[in-house]
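Residue numbers (full-length UniProt numbering), protein chains in the order written: chain E, 1 to 298; chain S, 1 to 298; chain V, 1 to 374.
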């Protein structure tokens, strides 16, 4: 059973194609990570799924409803949180929750109960009467999430939910997302933090409007040819310059934190004699670098 | 080269930066890391001479008055602030003329910089039609036109694809090798690893400032890397010696107080009947360090 | 219903929190009233006048004293030649020159038309029109009087009051501008706040991203529209009340017609302005654009509605353009009820015009505002 099914979905703005011929499926109850740089078409895709934008061509369904025809039916059942944390700055925490509760027609005791739950979830119980404008990023983020899941949506769309938030808040946020997924909510989340993507059951890479891969993280990691090795060094940039100037033949080379990553054909590994190295399983970032570079070559 | 003593900046009642003392020497790549609203942009703007501090003393290249040294400073703001309606080359030329350079000088320098930033093939393209990564390279190029001694960049790589990010950092590295002092803010921890020193900002305060290695050494806890396939691991690990447990890629990072806790974790998980695929201590990532620092500051 | 309630509560909380706008909305009526009522006095009196009286008879002296008695003309200079009168006006020494021909008295006696020339410095249009209308009025009354006198003379009864010079402006016997201005200011102010504030209120949600969040909820279009219209209508009513109270307390403004009717018809105008604001919000992307477009509505409203300049004097095109503005009709309603004391039997054409305006703008804005962001 699929919560989301897209077939050749395309959206153009004038002569600019923001989303080009995207086909994908998201299993009910899974976390689907939608990765790509800014302006690659992530938000446009999500907005089409939420009924905020109409597709130029192609078809899509969310929870079995057609996104072009039944967008009002879809809206009853989805939660959406955008990168802007769309809260009312001049209202208090609780007023924001009450407002969105009203928008989803949550009645008296049920509504109160849900609002209480969300206050606990966001850790804002003690600050419920503060104006939202006085909250820092992490709190706003959790409040915005609370507002978008008040009505217990069966699918949750998160558009760059962790942008500009401190690492601790990011971790707390993902804990909440995990719990939601365990309770059966399907989640589609966009991010440009590759490490976050490792948390997802399936991943779609979108680049310049094209979906260049969609699969599980484990499978994607196998698509990289050759062997990825890591050379630890205090000066990765310096070593990079040295190796780029050497005769070493490699598929790709780049810095990653305190080490240098080299992608090599397995049989050529013997060429490396001067450095200590270890073989590593690629991270999603390595996968993305590889996919983007091969896409560019096309 | 740059010296800040008890510098504060407040916007009305809101504190932007609180009592920051920093010294940045020539030839550094100095990183500013922290969430949105931590004060990174305010600090960079003060060094760039766009904002004046409310309190404290600041010397850039020995000068108190920022106007005198403006020609030695390059500044790339967070928001793309070039003209979208002009081509790459027109933007560069405009910047050159603003710094009062002669026409031949501008042309020579422009070619050199566009070549360095790999923008030469796109010099006739409108800035609006560049991708996110290329726009950032153009902003970098524009900031370099007048050969600054100190180069300030405010989140130049946020939301840019990983490949462009790497290329961008490689350029910064080369500029630094040629003697340029670079101050850069970033939300990406792997980029922080590439800096000579990193200041971690939180709520307007510099919580710590050290080399990446130095920061890691001050980390008060230990990090265990755990591989085990069970979605409920966090619940089993609700024991006093475990401070935190987070998903990290396809593994878990378990933060514990001391080495003795390693055994305790292993025993607890085995008692719960879980199969531990791997459990070992690893050096903390910068992100771990910052999470710990952020908790102290609050 | 629950959604509408939530929207209303939210809107009222926001209005209450935004102190500056709230003060602007409530303080604006009073400030504008005082400003326009006191500072801008469109009546021009005591114009320095030069007279070249070639007749020098009783009749001409009577005429001159009537003119002076009206309060509009201060006879400061007596000219010895036509040239002198003319150049005094040219030089700005006098605003008005009055030339009485030598045969003035003779003509009157024989029942012929007696012409008096009035030279006016038209660079000051306000003074000019005042002078012209006052002189015309006096002339008219004078000739009626003389006619009457002659008739009575024939019947053998001498006239008791041969010269009764009194200017009788209708509806505003004391010629106080403030009376005329207060209803106008109410209308202008409502236009400004209703159109601008509604358009900004929606565009602000678009800018902040909260509109996007609203659109993904099951909210209906009309709920959002009503959620904006209801609170701002109430704000409009508060403004009208404040302006009326200020008018009564500061200027002793009389309300000659039905106050209830005034309030009912005000609803039509508020609705018309709000739907115009909604329309603006559907075609603008940010608050700056909304502000500019609101001014685009506001300026013609001030200039063409009859608020400052009489519509009768406008060229046909502008007169017709004025008919596209709701303020034009509302001003007629306001002045009709407050100053003339007229009712529905007179004002029905204006009411129909406003209703047509509302239907058209609301239909367009509901069509344009789809639950989509682009």
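Note that beta-carbon positions come from the ideal geometry of N, C-alpha and C, so glycine has one too.
The structure displayed is predicted, hence computed values, not measured ones.
Under 8 angstroms between the Cβ atoms of residue i and residue j?
i: residue 35(V); j: residue 227(V); result: no
i: residue 353(E); j: residue 92(E); result: Residue 353(E) lies beyond the residue range present for chain E, which begins at 1 and ends at 298; the question has no answer from this structure.
i: residue 253(V); j: residue 297(V); result: no
i: residue 209(E); j: residue 20(E); result: yes
i: residue 31(E); j: residue 189(E); result: yes
i: residue 239(V); j: residue 29(V); result: yes
i: residue 91(S); j: residue 98(S); result: no
i: residue 196(V); j: residue 270(V); result: no
i: residue 7(S); j: residue 39(S); result: no
i: residue 49(S); j: residue 22(S); result: no
i: residue 166(E); j: residue 138(E); result: yes
i: residue 169(E); j: residue 79(E); result: no
i: residue 52(V); j: residue 81(V); result: yes
Does residue i come within less than 8 angstroms of chain E when only Cβ atoms are used?
i: residue 228(S); result: no
i: residue 202(S); result: yes
i: residue 208(V); result: yes
i: residue 128(S); result: no
i: residue 13(S); result: no
i: residue 219(V); result: yes
i: residue 115(S); result: no
Would you say residue i lies against chain V (beta-carbon separation less than 8 angstroms)?
i: residue 40(E); result: no
i: residue 268(E); result: no
Counting only C-beta atoms, is residue i closer than 8 angstroms to chain B at any point?
i: residue 214(V); result: No chain B appears in the structure shown, which is made up of the protein chains E, S and V.
Around the C-beta of residue i, are 16 or more other C-beta atoms found within 10 angstroms, so that it is buried, or is it exposed?
i: residue 169(S); result: buried
i: residue 99(E); result: buried
i: residue 179(V); result: buried
i: residue 101(S); result: buried
i: residue 320(V); result: exposed
i: residue 223(E); result: exposed
i: residue 65(V); result: exposed
i: residue 186(S); result: buried
i: residue 246(V); result: buried
i: residue 186(E); result: buried
i: residue 46(V); result: exposed
i: residue 83(E); result: buried
i: residue 258(E); result: buried
Three-state secondary structure (DSSP) at residue i?
i: residue 214(E); result: strand
i: residue 123(E); result: coil
i: residue 98(S); result: helix
i: residue 219(V); result: coil
i: residue 349(V); result: helix
i: residue 160(E); result: coil
i: residue 242(V); result: helix
i: residue 222(S); result: strand
i: residue 113(S); result: helix
i: residue 238(S); result: coil
i: residue 343(E); result: Residue 343(E) cannot be examined here, being either before or after the span of chain E that is shown, 1 to 298.
i: residue 74(E); result: helix
i: residue 97(E); result: helix
i: residue 41(S); result: helix
i: residue 64(V); result: helix
i: residue 49(V); result: strand
i: residue 286(E); result: helix
i: residue 115(V); result: coil
Give a yes or no on whether 8 angstroms exceeds the smallest Cβ distance from residue i to chain S.
i: residue 255(E); result: yes
i: residue 205(E); result: no
i: residue 137(E); result: yes
i: residue 37(E); result: yes
i: residue 164(E); result: yes
Unbroken stretches of the alpha helix (DSSP H), 4 residues or longer, contained in the segment 302-335 of chain V | 316-322 and 326-335
Output the residue ranges of the beta strand (DSSP E) runs that lie fully inside the segment 119-162 of chain S and measure 3 residues or longer, sorted by chain position.
150-153
Start-end ranges of the alpha helix (DSSP H) lying completely within the segment 15-62 of chain E, minimum 4 residues: 42-49
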